[in-house]
Amino acid sequence: MCRLFLAPDAWNRFRDLCTRGRGSEEFPEILSRQTEIPSLPGYLAELAQLEWTLNHVETAENSSSPPVNQISVNPALHLLRLSWKNLTYLLKAHDNESVPPPECGEEYVIVWRHPRTGEAAVCPATNEDLLVLKMVAEEIDARKVAADGRVTIHELNAAIDRAVRRGLLVAPPSGIRRDTSGFPKAEEIEEDFLSASVFTLQWHITQSCDLHCRHCYDRSERQAVEPAQAIAILDDLYEFCRSRHVRGQVSFSGGNPVLYPHFLEVYRAASERGFNLAILGNPIPERLIEKLIAVEPPVFYQVSLEGLAEHNDLIRGHGHFERVLEFLTVLRHHNVYSMVMLTLTHDNLAQVLPLAEMLRDRTDLFTFNRLSLVGEGAKLQLPAKSDYTACMEAYAEAAENNPVIALKDNLINIVRHKKGLPPFGGCTGYGCGAAFNFMCVLADGNAHACRKFPSPLGNVLHTKLAELYDSEAARRYRDGCRACRSCPVRPVCGGCLAIAYSLGLDVFEERDPYCFMSD
């Protein structure tokens with residue numbers, strides 16, 4: 084690029100000087116000393132420096148760096164402080180392309196090679212780039228930056244995540260990874276399905292609820308934790324996620340989580356620790372949504388519908404259907420991502436797709452879970468296997484034409500496998516996520532691998548989350564059903580342990596009875 088600005092005799096002169104010196108790396112310095120050639124652009128020396136750096140990055144041996152044990156600056160990254168702006172446009176411009184001309188003024192430029200793809204890149208550094216590079220290079224705690232800079236930890240974490248994806252930063256491998264001896268990776272299963280980047284704590288923070296649904300999993304009395312105990316749980320989750328190099332998410336549920344007397348205080352504390360926040364609850368007053376948004380907008384707010392209006396209100400109470408539709412409008416008005424969940428039973432199987440069509444323009448996502456026959460849900464019925472299988476095939480087909488229909492039930496991966504389609508992540512993004520990238524905590528601190536059936540791991544008030552996660556009990560739930568080990572979609576499926584439990588099977592040995600892989 085620099086040669087385009089030099090006459091042939093000048094180019095030959097500089098080339099000779101470089102040849103007599105240490106090599107082409109001398110070129111930028113030699114250019115900077117040529118003040119007696121008035122025709123040279125003032126920015127040419129810095130353009131040479133930038134071009135040389137990019138060439139160095141492109142031609143350097145692309146050896147893989149050893150894994151890091153904390154987020155670090157990419158060792159193949161160069162940060163240049165230039166006194167001219169817009170020089171990167173010259174490097175990337177195509178013939179006859181109009182680009183902003185160089186202008187005098189300070190500009191930082193980053194040149195790097197992506198640690199995963201090996202591709203070299205160059206661009207002006209944004210304020211966000213400079214902030215995250217400074218935070219990581221100088222090991223500045225995000226909580227201090229948030230307090231000093233009037234920015235949330237969540238925003239800082241998101242900026243760091245973006246820098247990792249771009250390759251400016253290098254992140255250590257996730258400490259939450261499948262044991263491949265029990266999760267053989269078929270050719271169609273991507274590596275990303277074996278290693279989680281987010282750990283979710285589904286926190287049923289209160290038993291209090293303004294509904295009394297006919298399929299409720301648990302109406303027992305449980306003493307809710309005190310505010311100080313709740314903060315301690317969040318601190319424990321924070322340390323657990325840091326030690327496993329994953330982002331943390333708290334999905335508040337209940338009961339109705341907002342009925343916990345100190346909910347706003349705990350929600351704010353979770354935000355201050357940088358967790359993604361989600362709510363699984365019932366419609367609430369708009370003023371309360373506004374209060375939550377003022378702290379931090381939830382990544383999603385999930386409500387439930389059990390079918391069309393008449394059936395839904397039979398399960399959840401008179402007028403509930405209309406209240407949910409009105410609440411979805413409120414969420415959309417406030418740009419809060421909304422999700423609608425249905426619990427699949429014998430009685431609402433035929434209403435799934437009509438409801439999904441009704442919700443096409445009302446929500447961001449619609450999906451379902453199969454009924455677990457525990458608690459009051461034991462009084463209801465699951466559909467026949469043949470009816471369920473037909474429903475899954477129709478549901479998967481409808482999802483191609485209705486953008487709000489989401490795939491969640493693990494067994495839909497069987498439909499995709501039989502059609503030669505790539506798999507999706509299943510229930511939690513990694514098939515059955517019980518005690519893997521997901522754990523639930525009840526109001527009294529008792530922890531379970533999954534909320535939909537008894538799967539006790541201990542109590543977070545008495546035992547650290549890391550100890551519960553590493554326990555033998557958690558490992559057994561994480562390993563799932565032995566009968567699924569050789570299945571080609573195992574890492575994204577594993578069936579549903581809660582359904583196997585519901586029908587009296589050994590969840591560690593016997594597969595989900597609705598599995599139709601061999602049918």
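Taking the numbering used here, the leading residue of the sequence shown gets 84, the next gets one more, and so forth. Just so it is clear, CB atoms sit at the ideal spot from N, CA and C, and this is done for glycine as well. Small disclaimer: the values here were computed from a predicted structure and weren't measured.
- Looking at the DSSP output, F449 shares a beta bridge with V423 and I488.
- Rounded to the nearest angstrom, the gap between the Cα atoms of F404 and L391 is 8 Å.
- In the DSSP assignment, M218 falls within the alpha helix (DSSP H) that extends over N210 to A220.
- Straight through space, the alpha carbons of L586 and L465 are spaced by roughly 10 Å.
- Here D212 is buried, its C-beta having at least 16 other C-beta atoms within 10 Å.
- Taking all protein chains in view, the Cβ of R443 is surrounded by fewer than 16 other Cβ atoms within 10 Å, so the residue is classified as exposed.
- Taking every protein chain shown into account, the CB of C187 has fewer than 16 other CB atoms within 10 angstroms, so this residue is exposed.
- Three or more pairs of CB atoms, one per stretch, sit closer than 8 Å, so the stretch 590-600 contacts the stretch 493-503.
- Where S354 is concerned, the enclosing alpha helix (DSSP H) starts and stops at F346 to E355.
- Inter-residue distance for E389 and I398 is about 7 Å (C-alpha atoms, whole angstroms).
- Within the same chain, S278, A279, S280, R327, H328 and V329 come within 8 Å of S257 by CB-CB distance, once the 5 residues on both sides are set aside.
- DSSP places P340 within a helical segment (H, G or I) once states are collapsed to three.
- Nearest C-alpha to C299 among I314, F358 and G458: G458.
- Secondary structure of H531 (DSSP, three-state): strand.
- When beta bridges are read from the DSSP output, P539 appears opposite H531.
- Partner residues in the beta bridge of E190, as assigned by DSSP, are L165.
- Counting C-beta atoms within 10 angstroms of its own C-beta, V182 has fewer than 16 neighbours from the protein chains shown and is therefore classed as exposed.
- Taking each of L127, A315, V341 and G357 in turn and checking the Cα distance to D293, the smallest one comes out for V341.
- N359 is bridged by DSSP to Q332.
- Per the C-alpha coordinates, the member of L580, L214, A254 and V413 positioned closest to P150 is A254.
- Between R351 and V378 a beta carbon distance of about 5 Å is seen, short of the 8 Å cut, so the two are scored as contacting.
- Non-local beta-carbon contacts of L130 in its own chain, meaning distances under 7 Å to residues more than five positions away in sequence, involve M84, C85, L170 and L173 in chain order.
- Classified as exposed, N152 has fewer than 16 neighbouring CB atoms from the shown chains inside 10 Å of its CB.
- Under DSSP, the beta-bridge partners assigned to H287 are S336.
- When the Cα atoms are used, A526 and E134 turn out to be separated by approximately 60 Å.
- Distance check between A461 and each of R302, P486, Q285 and D231 places R302 closest, using alpha-carbon atoms only.
- As the crow flies, the alpha-carbon of L425 is around 13 Å from that of G364.
- The distance from the Cβ of Q285 to that of R453 is about 17 Å, inconsistent with a contact at the 8 Å cut-off.
- Looking at the DSSP output, R260 sits in a beta bridge with S278.
- Between V382 and N418, the gap from beta carbon to beta carbon reaches 8 Å or more.
- A distance below 8 Å separates the beta carbons of P574 and I272.
- M84 carries a coil assignment under DSSP once its states are collapsed to helix, strand and coil.
- With contacts defined as CB atoms closer than 8 Å, A477 and L436 qualify as a contacting pair.
- Here the alpha carbons of S166 and F323 stand approximately 44 Å from one another.
- In this structure, S336 lies near H287, with their beta-carbon atoms less than 8 Å apart.
- L170 carries a helical assignment under DSSP once its states are collapsed to helix, strand and coil.
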